[in-house]
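Novice: A single structure is presented below for examination.
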Amino acid sequence: MGWLPTAVLVVVGILFLALVLLRVFTALRLVRTASERLNTAVTGRSRRIGAGLDEVRAWRAAQHPATPGPAGSIEMTDDAAERTA
Numbered sequence: 000m001g002w003l004p005t006a007v008l009v010v011v012g013i014l015f016l017a018l019v020l021l022r023v024f025t026a027l028r029l030v031r032t033a034s035e036r037l038n039t040a041v042t043g044r045s046r047r048i049g050a051g052l053d054e055v056r057a058w059r060a061a062q063h064p065a066t067p068g069p070a071g072s073i074e075m076t077d078d079a080a081e082r083t084a
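Numbering (numbering that gives the first Met the number 0), first residue to last: 0 to 84.
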């Protein structure tokens, strides 16, 4: 093979590798962007759920003031259930 066909093959190979690398970096950028958007969506959803739970807890506290449990209720502790008199 002469030097001209070899040089053409080298240039074509370099161009091919450059196109492959461009596609890989484009795909990685798209994946990173999608990951950031998903993380933002999940974080926002978690914040909204937390705010909703806080609102429900506040509503329950307003509707049901803290009162001691009825006589003979069972209180759960870390060790076991304890029966109150």
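Cβ coordinates follow ideal geometry from the N, Cα and C atoms, glycine included.
#1: Where do the N-terminal and C-terminal ends of the alpha helix (DSSP H) with residue 51 fall, by residue?
#2: Where residue 18 and residue 55 are concerned, what is the direct C-alpha to C-alpha distance, given to the nearest angstrom?
#3: Hey, how far is the Cα of residue 21 from the Cα of residue 53?
Specialist: Well, looking at it:
#1: 2 to 62
#2: 55 Å
#3: 48 Å
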